[in-house]
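Numbering (my numbering), first residue to last: 2 to 336.
Below is one structure, written out as structure tokens; comments come after it.
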Amino acid sequence: MAGTGQPFQRQVNRDIKLQLDSSFSRCPSVLFCNSSREISAWGAPALEKTLQRGDQRLVWFKLLLTDRCGEYYDIAPAELQQLAPQVANKTGSQVVTAFLEFLKSHLDGQLKLTFGTDVLSRVEVRTTMTVPAFWNDKERNILRLAAVNAGFEEMRLGFVTEPEAAALACVAQNYVHFETGDVFLVTDAGGGTVDLIAYKVLKDKPLSLKEAIAGIGELCGSTDLNQGFEKFLRNRLKRHVKLLSETSIACLIKEFNSIIKVRFGETDDENEVYKISLPGYDVDDTEAGIADGVLTISRADLKIVFQPVVTKIVVLVSTQIVSIVRTAQKEVKVR
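If you want it as structure tokens, here you go:
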């Protein structure tokens, strides 16, 4: 997933449960490439487009910026190529550049709307990009070059690891409080991958951290949830061929990705249901959960989609906590 934002600070004196709706400022890291090998859409629109003969939907392309991804996430090179297929006439770096060009254009437009052209002409805009925890300087430089080629200014460009950025954000927002000597684990559950890294607090004011143990990760992020939901849909709607077209499936996954997925788990109501309208398909099928052209999905249905991904993440967290206690001889702060 990709997102942009301006830094800010505020004092918080109570616990906050963050609830995201369909307007939250993240978009899927997806590109749409047509049969002419032109990249014509990015983000949510690329996810929603119907694939015709010769079209490609490009995902997980950042994984191809490093030759150590397969080793870190324990996947074979052939499987990695299958996960992140590339346009025939572009390298992985060029595909990332294309995505960053779209992102920068959007960012520039939003900054102008927020602050105005006059203000922007008098301030220095710096960009900080997050990178996987296991990346080294070589891989950061590959991303740096892709960003510069996309129009970002090299002298105003910085990098921070994804888990470290998450930790610093939590501290800045007063979600957690650390003391010197504490060891804490950050679980960064992203769009394509889940990465975990543990830090030891060397100094609390100003905050100074060091990596406590080596990080681990796996390909079990939000994209896996989308794939699991598609599998669920194809099984539930197998008697309704019209609903299994690329267009229909894309619309249903869009609804899941932008609304259902972010709202699931907000309440403890086991009887909670989610409804998706099926335009132009006014039928009733009790077994499939369709009534008057509306598909009803129960909480139990969604648990089937979420459970495999959540289980993988729980195993990763448990494994890392055991390693921390054994190596650092410290209890882990869980928040």
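Even for Gly, the Cβ is constructed at its ideal location relative to N, Cα and C.
Query raised in the report: Helix, strand or coil for D189 per DSSP?
Result: Of the three classes helix, strand and coil, the one that applies to D189 here is strand, per DSSP.
Report task. Leaving out five residues on either side along the sequence, give the residues of the same chain with a beta carbon under 8 Å from the beta carbon of T131. Result -> Only F160, V161, T162, E163, A166 meet the Cβ criterion.
Query - Residue interval of the alpha helix (DSSP H) (run including I254) - result: In the DSSP assignment, I254 falls within the unbroken alpha helix (DSSP H) covering 247 to 256.
Query raised in the report: DSSP state of A151, grouped into three classes?
Result: Three-state result, A151: coil.
Query - Complete runs of the beta strand (DSSP E) confined to the stretch 159 to 214 [at least 3 residues] - result: Those beta strand (DSSP E) runs which fall completely within the stretch 159 to 214 and span 3+ residues are 184 to 190, 195 to 204.
Query raised in the report: Looking only at DSSP bridge pairs, what is A45 linked to?
Result: Looking at the DSSP assignment, A45 forms no beta bridge with any residue, so it has no partner.
Query - As assigned by DSSP and simplified to three states, the class of V318 - result: Helix, per DSSP.
Requested in this report: Let me know if L203 comes out buried or exposed under the rule of 16 or more other beta-carbons within 10 Å of its beta-carbon.
Outcome: Classification of L203: exposed, given that the 10 Å Cβ count is below 16.
Query - E140, buried or exposed, once every other Cβ within 10 Å from all chains shown has been counted against 16 - result: Label assigned to E140: buried.
Query raised in the report: Would you say the stretch 241 to 248 touches the stretch 270 to 278, given that touching needs at least three Cβ pairs under 8 Å?
Result: No, because fewer than three Cβ pairs between the stretch 241 to 248 and the stretch 270 to 278 fall closer than 8 Å, the two stretches do not touch.
Query - Distance between T297 and K276 (C-alpha atoms, nearest Å) - result: Their backbone Cα atoms lie some 5 Å apart in a straight line.
Query raised in the report: For V284, is the classification buried or exposed, using 16 other Cβ atoms within 10 angstroms of its Cβ as the cut-off for buried?
Result: So V284 counts as exposed.
Query raised in the report: For L48, which of C221, V60, L186 has the nearest alpha-carbon?
Result: If we check each option's Cα against that of L48, V60 comes out closest.
Query raised in the report: Taking the alpha-carbon positions, what's the K113 to F230 distance?
Result: Rounded to whole angstroms, K113 to F230 spans 37 Å at the Cα level.
Query raised in the report: Tell me which same chain residues have a C-beta within less than 7 Å of the C-beta of C233, skipping the five on either side of it?
Result: What sits at residue 233 in the sequence shown is Phe, not Cys. Same-chain partners within the cutoff: D302, I305, V306.
Query raised in the report: Any idea what DSSP makes of E39, helix, strand or coil?
Result: For E39, the secondary structure class from DSSP, reduced to helix, strand or coil, is coil.
Report task. Within its chain, find whatever has a CB closer than 8 Å to the CB of F153; leave out the 5 residues flanking it on each side and keep chain order. Result -> L101, K105, T128.
Query - Rounded straight-line distance, which links the Cα of V177 to that of L208 - result: Distance between the alpha carbons of L208 and V177 is about 13 Å.
Query raised in the report: Taking DSSP as the reference, what is the three-state secondary structure of D285?
Result: Residue state, collapsed to three classes: coil.
Query raised in the report: Is it true that the CB of L186 sits closer than 8 Å to the CB of I322?
Result: Going by C-beta atoms, I322 is nearer than 8 Å to L186.
Requested in this report: Compare the Cα-Cα distances from R58 to each of S30, D68, S324 and report the closest residue.
Outcome: Across the set S30, D68, S324, the C-alpha of S30 shows the shortest separation from the C-alpha of R58.
Report task. Would you mind giving the Cβ-Cβ distance between S324 and I214, rounded to the nearest angstrom? I have them listed as a contact below 8 Å. Result -> With 8 Å as the limit, S324 and I214 qualify as a contact, their Cβ atoms being about 5 Å apart.
Query raised in the report: Looking only at C-alpha atoms, which of I291, D286, R54, L64 sits nearest to F135?
Result: Nearest of I291, D286, R54, L64 to F135, Cα basis: L64.
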